[in-house]
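Shown next, in structure tokens, is the structure this report addresses.
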Amino acid sequence: MVSSGPPPGLRTSKAQLRMSRVEFFATLRPGMDKLSWTTTIAGSSWSASVSNTRPCDLPGFRFNLTALRVRSWTIRALERRLRAARALEILREGVMIRFVGLLSLLVLFAPQPAGAQLSAGVARADVTPPLGGPMYGYGARGTNVSEGVHDPLYAKAIVLSDQSQKLAIVTLDLGSISAGSAARIESIVGQQTDIEDVLLVTSHTHSGPRATPDFPSTASPWIRDAEEKIAQAVIEADGRMVPVRIGVGWGEVREGHNRRMIGADGRAVMFWENRERIPTSPLDYELGVIRVEQLDGQTLATLVSFQCHPVVLGPENLDISADYPGVFMRIVEAELGGQAMFLQGAAGDINPFWDKTPPAEGAFEQVEAMGRAVAEEVIRVSGSITGFDAAPVISVHAEVIPLASRTDVERTQRDMLAEINTVLIGPDIALATFPGEFFVEHGLALKARSQFEHTFFVGYTNDALGYFPTIQATTEGGYGAASSTRVEVGAGERLVDRALINLLYQANKISP
150 MVSSGPPPGL RTSKAQLRMS RVEFFATLRP GMDKLSWTTT IAGSSWSASV
200 SNTRPCDLPG FRFNLTALRV RSWTIRALER RLRAARALEI LREGVMIRFV
250 GLLSLLVLFA PQPAGAQLSA GVARADVTPP LGGPMYGYGA RGTNVSEGVH
300 DPLYAKAIVL SDQSQKLAIV TLDLGSISAG SAARIESIVG QQTDIEDVLL
350 VTSHTHSGPR ATPDFPSTAS PWIRDAEEKI AQAVIEADGR MVPVRIGVGW
400 GEVREGHNRR MIGADGRAVM FWENRERIPT SPLDYELGVI RVEQLDGQTL
450 ATLVSFQCHP VVLGPENLDI SADYPGVFMR IVEAELGGQA MFLQGAAGDI
500 NPFWDKTPPA EGAFEQVEAM GRAVAEEVIR VSGSITGFDA APVISVHAEV
550 IPLASRTDVE RTQRDMLAEI NTVLIGPDIA LATFPGEFFV EHGLALKARS
600 QFEHTFFVGY TNDALGYFPT IQATTEGGYG AASSTRVEVG AGERLVDRAL
650 INLLYQANKI SP
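The sequence shown begins at 150 in this note's numbering and counts up by one.
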């Protein structure tokens, strides 16, 4: 018997796992047929018990980890998943079980009840950094720092609630976000609200600040200040909840090209800019729009899914900018009202036609042109949406999967923890989030194989683990496939498969 999400203790443990360690403490006596314990994780305590129906042999004790009950929540940690965690540490004074990475607890979802009235709130925060700091994305910038602000950077939050489950989605005009920042933001939000799930989606602009240091010695005051502002935007949105309904529409924007050209020898040649718009493949020109409106039809939020690097501005540009996503969000807000938000997709190998345009060659004019092209399609699609749902059930599942480093086996599970989140909103809307730059074929595969009518691939979320090339791209070489990628070969396919499976569990289409 389970509802739409795990208990607060489990959610808190997810935040702790982002920092690579969660500890369970228990005391056992020989002959016990039941293990009970209380654990404190990141300041939250919860109790659990494990029955001895299928015992596991541990030094001096026999107990089972297959049927763990937390209050009214039933979770199963299958033994094969326990083995997969590969980091179980047993100490004889009592028992201390330490999981490094995630012992992937699978939440069993009961059939979804009829939903209550959907509600939502939105808020934003200006996270533009002070001038003179390092910028994100281009090694060619060297030691050059930001000199001006062309357009401000925002954190935009929406909180959705079906009256039993809350979900916060925050879109960020930033190049990336670290797992440590994500954990700190989620912790602040958790202390002041009952929100258990926070998805932080970066646009991947290359004209924003460098924002990924996790260690106090390297983190600038701006990063900590930005974390607080982002969290407060979520908290503010949570205080502005109003009844809403939600609908989805799809369109197409023919902006961007695949920057990998495969030669006759089967090797990749990088094709950075494409001003002549020479046809390339594979591509995904699909644009998705999630419209959240108040019951009187007034737009509250427009969430836009598209996949293309925000790199119209190149390394010569030293002005802070959100690049083309900032333009289309500005236009959409002016035309439709409400808050426009960008869900960057599988853009790992997709560039704008006017890639890295120098300011002297009309860079900001090209940013405006591309942003306007996207905005026009968003506005058209938004106006065509019918079939709004005012009472969908929201279901959220998070999983952290240890990955191997491609070049350093010792790093496996130490700092290569990939968090994926899967979200169902009613029976038809599915989102899957991933922590890096996935190649476009991953996004195409997720959508093609999904059993849900409206499926969104959301990259660059809650961490930045670099490029996730396809297996085929790895054999072809090139930037992002042979160089500048850290994860094991096949990691992208593995995570997409896992997300698809989790969505099926959530919808009760399969069972353990």
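We treat Cβ as the ideally placed atom computed from N, Cα and C, and that holds for glycine.
Bear in mind the structure is a predicted one, so any value in this text is a computation, not a measurement.
Proximal residues to residue i (C-beta, below 8 Å), its chain only, five neighbours per side dropped
i    : result
V276 : L302, Y303, A304, L321, D322, L323, A375, K378 and I379
R424 : F502 and W503
G486 : Q447 and T448
Sub-9 Å separation of residue i and residue j beta-carbons
i    : j    : result
R555 : R426 : no
S356 : A471 : yes
I395 : F537 : yes
V347 : I334 : yes
P584 : T610 : yes
A613 : T448 : no
G282 : S369 : yes
Q266 : A450 : no
R403 : G627 : no
Reduced DSSP category for residue i - H, G, I as helix; E, B as strand; rest coil
i    : result
S660 : coil
A539 : coil
M565 : coil
Q493 : strand
I534 : coil
F455 : strand
I344 : coil
R408 : coil
S633 : coil
A413 : coil
T320 : strand
Sequence-distant residues of the same chain with beta carbon closer than 6 Å to residue i, five excluded per side
i    : result
R389 : G270
A495 : Q456, F587, V589, H591, G592, F606 and G608
L552 : M565, A567, V636, E637 and A640
T571 : H546, A581, A648, N651 and L652
L444 : P392
G400 : L436, E526 and V530
P278 : P358 and W371
E517 : V476
Y654 : none
E484 : I528
V418 : M410 and G412
Run of the alpha helix (DSSP H) containing residue i, from where it starts to where it stops
i    : result
Y654 : A640 to Q655
L593 : V589 to R598
Close beta carbons around residue i, own chain, < 7 Å, minus the five adjacent residues each side
i    : result
V645 : H591, A594 and L595
I344 : V308, K315, A317, V338, V383 and D387
I620 : V638, G639 and E642
N293 : L467
M289 : Note that residue 289 corresponds to Ala in the displayed sequence, not to Met. Same-chain partners within the cutoff: P464.
P431 : N407, V589, E590 and L593
Element boundaries [beta strand (DSSP E), containing residue i]
i    : result
P358 : No beta strand (DSSP E) contains P358, which DSSP labels as neither H nor E.
Y473 : Premise fails: Y473 lies in the alpha helix (DSSP H), D472 to L485, not in any beta strand (DSSP E).
D387 : Note, D387: premise wrong, no beta strand (DSSP E); alpha helix (DSSP H) at P370 to D387.
T619 : Per DSSP, T619 belongs to no beta strand (DSSP E) and is neither H nor E.
Y287 : From DSSP, Y287 is part of no beta strand (DSSP E); its letter is neither H nor E.
Residue i CB to nearest heavy atom of the ligand ZN below 8 Å
i    : result
A553 : As far as ligands go, the structure on display features none, and thus does not contain the ligand ZN.
**Asked** Pairing CB atoms from the region 444-455 with CB atoms from the region 501-516, are three or more of them under 8 Å?
**Response** no
**Request:** Would you check if there are 3 or more beta carbon pairs closer than 8 Å linking the region 459-467 to the region 521-536?
**Result:** no
**Asked** Are three or more beta carbon pairs between the region 291-300 and the region 405-421 nearer than 8 Å?
**Response** no
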